[in-house]
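Asks:
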Amino acid sequence: MDEIVLKNGVSMPLLGFGVLQMKDSKECGQCVLQAVRSGYRMFDTAASYGNEQAVGAALKRAVKDGMVCREELFVITKLWIQDAGEAAAEKAFEQSLKRLGLDYIDLYLIHQPYNDYYGAWRALEKLYLEGRVRAIGVSNFSPERLTDLCMNSEIMPMVNQIELHPFYHQEEALRIMREFGVQPQAWAPLCEGLKQIFSNKVLRQIGKKYGKSAAQTALRWNIERQVSVVTRSSVPEHMEEDFDIWDFSLSEADKKAIEILDLGCSEIMDYGNPAIAKMFNRKKLCDSTL
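In terms of the numbering used here, the sequence shown opens at residue 501 and continues consecutively.
#1: Who are the Cβ neighbours of V505 in its own chain at under 6 Å, not counting the five residues just before and after it?
#2: With P774 as the anchor, note down where its alpha helix (DSSP H) starts and where it stops.
#3: Mapping the DSSP letters down to three states, classify R634 as helix, strand or coil.
#4: In whole angstroms, what is the alpha-carbon distance linking S713 and E671?
#5: From K755 to W721, what does the alpha carbon distance come to, in whole angstroms?
#6: Is the CB-CB distance between P689 and T731 below 8 Å?
#7: Using alpha carbons as the reference points, say which of N551, G550, L649, G764 lies closest to I676.
#8: Between which residues of its own chain and N508 is the CB-CB distance below 7 Å, once the five residues before and five after are set aside?
#9: Given a threshold of 16 other Cβ atoms within 10 Å of its Cβ, counted over all protein chains shown, does N781 qualify as buried or as exposed?
#10: Please state whether DSSP places L763 in a helix, a strand or coil.
#11: My assumption, with CB atoms under 8 Å, is that H665 sits in contact with C691. Please give the rounded CB distance.
#12: Is the CB-CB distance between S653 and W621 below 8 Å?
#13: I'd like to know whether the C-beta atoms of D502 and W746 end up nearer to each other than 8 Å.
#14: With DSSP collapsed to three states, give me the class of M512.
#15: By a C-beta neighbour count over all protein chains shown, 10 Å radius and 16 as the cutoff for buried, is M522 buried or exposed?
#16: Rounded to whole angstroms, what's the CA-CA distance from D544 to V575? Just pull it up for me.
#17: Between which two residues does the alpha helix (DSSP H) holding F743 run?
#18: I need the straight-line Cα distance from L627 to N551, nearest angstrom please.
#19: Only counting the same chain, and skipping five residues up and downstream in sequence, which positions put a Cβ closer than 8 Å to that of I662?
#20: Under a three-way DSSP split, which group does N700 fall into?
#21: Give me the Cα-Cα distance between E752 and L785, rounded to the nearest whole angstrom.
#22: If you check the beta carbons only, do S734 and C569 fall under 8 Å apart?
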C-alpha cells in the first residue's frame, strides 16, 4: 500500500478503513479483523462513534495473533465537540486512549469546527510534544477556519479530514491545505453510496478499461490527487475490492471526465448551514465522564 509523508515526517497510509455507524461491538470487531486480513493498516474511529473499545480490542487481537505488528498500524480517533477546550480535551484524549487500549495514538483529530477548538488545539499541541500522539489534525474545517487556525497556532494541523468524492472535489479547500502543508484525507470517498455512484456511467466506463469497478475508480481518483481516503464496508468482498486499487493509474482523459461530475456542493453535510452546527452541538456523548 502506498503512503504519504506528513509535514512532521510521519508516514500515513493513503487508504484506511473506517467504522462510522458500526454500533454493534461484535460486528465492528469482526469487520476490523477482516480489514486487517484484507491488508488495511489504517483504522479510523472517533469518540462519537461509540466503538473505540471494539476497534482497540480487535486490533489487540490482530497483534496477539501475529496478523500485524502495532508499528504497522495507523490508528486515528477524534475529539468530540463537548470536550473542546484545553483541559477537557486532555481528559477526553486519555479516555479515548483507555478505550482503545493503546499506549499512543497515531493521529488525533478535532472532529468538528465548533466550541472551543482553539483551546482543544492547545491540548493537542501539548499531547504531540509529549509524544502521546504521533500526529495531530482537524476534521471538517473549511478553508477559512483552517487558515485562521494555521496562522494562530504554534504547530499547524498535519491533516484535515473532509468530504471528498467525485461529486464534490473541493479544489479551493485542497489549495489552502497545500499552502499550509496540511494533508487532505477524505471521508465518504464513495459519497456514502449516494448519487448512484456505484453505477455511474462515467466511473464505470473508466473502470472498465482497467478491469475495475466504479468504486475502485472513485477511490483511485482521490489517491492520485494525493488525498488519503477512508472507506468502510461490512462485506468482506467489498473490503477487498476497495483495497485492490494499486495496480492501475488513471489517464489525463479519465481525470478530465471525472472533473465534469463535480457538483460544487456537498451531497451529505452542508457545513455552511447553521442547522448543522446546532445539530452537532446538541449531540452529547453519554460516556464523556468515564
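Ideal placement from N, C-alpha and C gives every residue a C-beta, glycine not left out. Just so we're clear, the structure is a prediction, and the values are computed from it rather than from any experiment.
Replies: If we stick to the structure as given:
#1: Locating residue 505 in the sequence shown gives position 5, counting from the first residue. Taken in chain order, the residues that qualify are S511.
#2: Position 274 of the sequence shown, counted from the first residue, corresponds to residue 774. Residues 774-782.
#3: By one-based count along the sequence shown, residue 634 stands at place 134. DSSP places R634 in strand when its eight states are reduced to three.
#4: If you number the sequence shown from 1, residue 713 lands on position 213. If you number the sequence shown from 1, residue 671 lands on position 171. So the two alpha carbons sit approximately 25 Å from each other.
#5: Within the sequence shown, residue 755 is the residue found at index 255, counting from 1. Within the sequence shown, residue 721 is the residue found at index 221, counting from 1. Their backbone Cα atoms lie some 7 Å apart in a straight line.
#6: As a working note, residue 689 is residue 189 in the sequence shown. As a working note, residue 731 is residue 231 in the sequence shown. In contact: P689 and T731 (Cβ atoms closer than 8 Å).
#7: The residue labelled residue 676 in the question sits at position 176 within the sequence shown. Out of N551, G550, L649, G764, L649 has the C-alpha closest to the C-alpha of I676.
#8: Counting from one through the sequence shown, the residue named residue 508 turns up at place 8. A635, M658.
#9: Against the sequence shown, residue 781 aligns to sequence position 281. Exposed: under 16 other Cβ atoms inside 10 Å.
#10: As a working mapping, residue 763 is identified with position 263 in the sequence shown. L763 falls in the coil class under three-state DSSP.
#11: Within the sequence shown, residue 665 is the residue found at index 165, counting from 1. Within the sequence shown, residue 691 is the residue found at index 191, counting from 1. Contact flag correct, Cβ pair sits at about 4 Å.
#12: The residue you call residue 653 lines up with position 153 of the sequence shown. The residue you call residue 621 lines up with position 121 of the sequence shown. Going by C-beta atoms, S653 is nearer than 8 Å to W621.
#13: Mapped onto the sequence shown, residue 502 falls at position 2. Mapped onto the sequence shown, residue 746 falls at position 246. Yes, they are a contact pair.
#14: By 1-based counting over the sequence shown, the position of residue 512 is 12. Three-state result, M512: strand.
#15: Taking the sequence shown and counting its residues from 1, the one referred to as residue 522 is at position 22. By the 10 Å Cβ count, M522 comes out buried.
#16: Taking the first residue of the sequence shown as position 1, residue 544 is located at position 44. Taking the first residue of the sequence shown as position 1, residue 575 is located at position 75. So the two alpha carbons sit approximately 6 Å from each other.
#17: Position 243 of the sequence shown holds residue 743. Note, F743: alpha helix (DSSP H), 736-743.
#18: As a first step, residue 627 is located in the sequence shown; it is residue number 127 there, counting from the start. As a first step, residue 551 is located in the sequence shown; it is residue number 51 there, counting from the start. Computed Cα separation, rounded: 22 Å.
#19: The residue labelled residue 662 in the question sits at position 162 within the sequence shown. S639, N640, F641, Q670, A673, P684, Q685, A686, W687, listed in sequence order.
#20: Working through the sequence shown from its first residue, we reach residue 700 at position 200. In the three-state DSSP reduction, N700 falls in the coil class, being neither helix nor strand.
#21: Residue 752 sits at position 252 when you count from the first residue of the sequence shown. Residue 785 sits at position 285 when you count from the first residue of the sequence shown. If you draw a straight line from the Cα of E752 to the Cα of L785, it comes to about 46 Å.
#22: As a position in the sequence shown, residue 734 is number 234, starting the count at 1. As a position in the sequence shown, residue 569 is number 69, starting the count at 1. Cβ distance not < 8 Å, so S734 and C569 don't count as in contact.
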